[in-house]
Ligand code: F6P
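Numbering (the working numbering), first residue to last: 182 to 510.
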């Protein structure tokens, strides 16, 4: 391969820069022309790219976000969008692309691969919801950010004998909520993968702990439970906090952590795994291998066929959830 491009797509994640850096430097060191595509598949369709060298990726390993910018493109999913992208690849002699992002980005990578552009996906999302991989770049940093933020919320919650309901990211997955919930000692954790009942899983648990003289409470919920919450007559986390206050007489507040969770300097783990995965992806392309997703299994970096990877399912650790419920009381 003579020309390989790199792009980041979907929600950004801390550690994406480490992956870009590794992918680019691996290519440069193997005498391949490396192109950086700005703003994901949108930039690919528009031909928004530039040649990168060893120094283009200096001074980024410690930065959050993505130096290549990111986007979510609906046009790219259309036949016209795909045709534009293929044309740009041909015009720029792009034979392979490292696609750093989540499931949606991998579907784009699969569609390009089918049309003859070798793509390798690198799992980058704070949600940790890529089924084929135990780990996705950005997850560890995000968990630590949530922990730090909720520790601060806990200070004021405790000072006022209150209950704080904290909504964390995760549209379809509860990995962030479950693990952060354990780390902050949340009395209740609500996630999309596990059925919940507000009376049983929040109100009754709080009542039990109040009998043991507990006076402040942290409830962690994943963003993805909104519909299930509505089905129980509660419209969002503010309404949930009001319901708790009304039912138990404990003054309650809700905090939606929002995009603060996606930023910040990447942790050691995200820098290291980002570097490993970025380099691995370029090596696959250098060997003429495409249509793959890089994954982490235990401590090993491996790869899967994209279609196979997209069909996999990742289960939440039920035992971990049970442990959380047993000890955070
Ligand atoms: O995919 C990562 C993620 O941060 C999700 O947790 C969240 O639901 C979504 O992206 C938010 O996307 P946006 O930044 O486009 O609002």
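No residue lacks a Cβ here, since even glycine has one placed at the ideal position from N, Cα and C.
Going by DSSP in three states, residue i sits in which element: helix, strand or coil?
i, result
"residue 340", "helix"
"residue 298", "coil"
"residue 359", "helix"
"residue 190", "coil"
"residue 482", "strand"
"residue 216", "strand"
"residue 437", "strand"
"residue 424", "helix"
"residue 282", "strand"
"residue 244", "coil"
"residue 475", "strand"
"residue 401", "strand"
"residue 239", "coil"
"residue 345", "strand"
"residue 326", "helix"
"residue 182", "coil"
Could you check how far apart the C-beta atoms of residue i and residue j are, in whole angstroms? I think they sit under 8 Å.
i, j, result
"residue 185", "residue 407", "With a Cβ gap of about 40 Å, residue 185 and residue 407 do not count as contacting."
"residue 213", "residue 233", "No, residue 213 and residue 233 are not in contact; Cβ-Cβ is about 11 Å, not under 8 Å."
"residue 176", "residue 358", "There is no way to answer for residue 176, as the model of the chain reaches only from 182 to 510."
"residue 299", "residue 466", "6 Å"
"residue 433", "residue 323", "Residue 433 to residue 323, Cβ: 25 Å. No contact."
"residue 303", "residue 475", "5 Å"
"residue 473", "residue 301", "5 Å"
"residue 206", "residue 235", "6 Å"
Can you grab the Cα-Cα spacing for the pair residue i / residue j, in whole Å?
i, j, result
"residue 510", "residue 392", "11 Å"
"residue 317", "residue 195", "10 Å"
"residue 193", "residue 353", "17 Å"
"residue 241", "residue 424", "45 Å"
"residue 288", "residue 477", "19 Å"
"residue 484", "residue 374", "26 Å"
"residue 401", "residue 387", "13 Å"
"residue 270", "residue 260", "15 Å"
"residue 453", "residue 199", "8 Å"
"residue 313", "residue 461", "16 Å"
"residue 471", "residue 459", "14 Å"
"residue 257", "residue 224", "10 Å"
"residue 513", "residue 501", "What is shown of the chain runs 182 to 510, which leaves residue 513 out entirely."
"residue 508", "residue 315", "25 Å"
"residue 335", "residue 267", "51 Å"
"residue 348", "residue 390", "22 Å"
"residue 422", "residue 381", "16 Å"
"residue 480", "residue 504", "24 Å"
"residue 356", "residue 369", "14 Å"
"residue 427", "residue 306", "37 Å"
"residue 239", "residue 218", "17 Å"
"residue 255", "residue 286", "11 Å"
"residue 449", "residue 237", "22 Å"
"residue 489", "residue 409", "30 Å"
"residue 293", "residue 211", "24 Å"
"residue 297", "residue 469", "12 Å"
"residue 491", "residue 340", "46 Å"
"residue 411", "residue 499", "24 Å"
Check whether the Cβ atoms of residue i and residue j lie closer than 8 Å to each other.
i, j, result
"residue 191", "residue 282", "yes"
"residue 495", "residue 321", "no"
"residue 511", "residue 284", "The structure shown does not extend to residue 511, since the chain is modelled only from 182 to 510, so the question has no answer here."
"residue 372", "residue 403", "yes"
"residue 252", "residue 487", "no"
"residue 457", "residue 482", "yes"
"residue 273", "residue 226", "no"
"residue 399", "residue 338", "yes"
"residue 197", "residue 319", "yes"
"residue 249", "residue 201", "yes"
"residue 441", "residue 330", "yes"
"residue 215", "residue 208", "yes"
"residue 332", "residue 396", "no"
Beta carbon of residue i: closer than 7 Å to some heavy atom of ligand 2?
i, result
"residue 191", "The model depicted lacks ligand 2 and carries ligand 1 instead."
Count the C-beta pairs between the segment 412-431 and the segment 352-368 that are closer than 8 Å, then say yes if the count reaches three, no if not.
-> Contact fails: fewer than three Cβ-Cβ distances are below 8 Å.
Do the segment 442-451 and the segment 239-254 meet, that is, are 3 or more Cβ pairs less than 8 Å apart?
-> The segment 442-451 is in contact with the segment 239-254.
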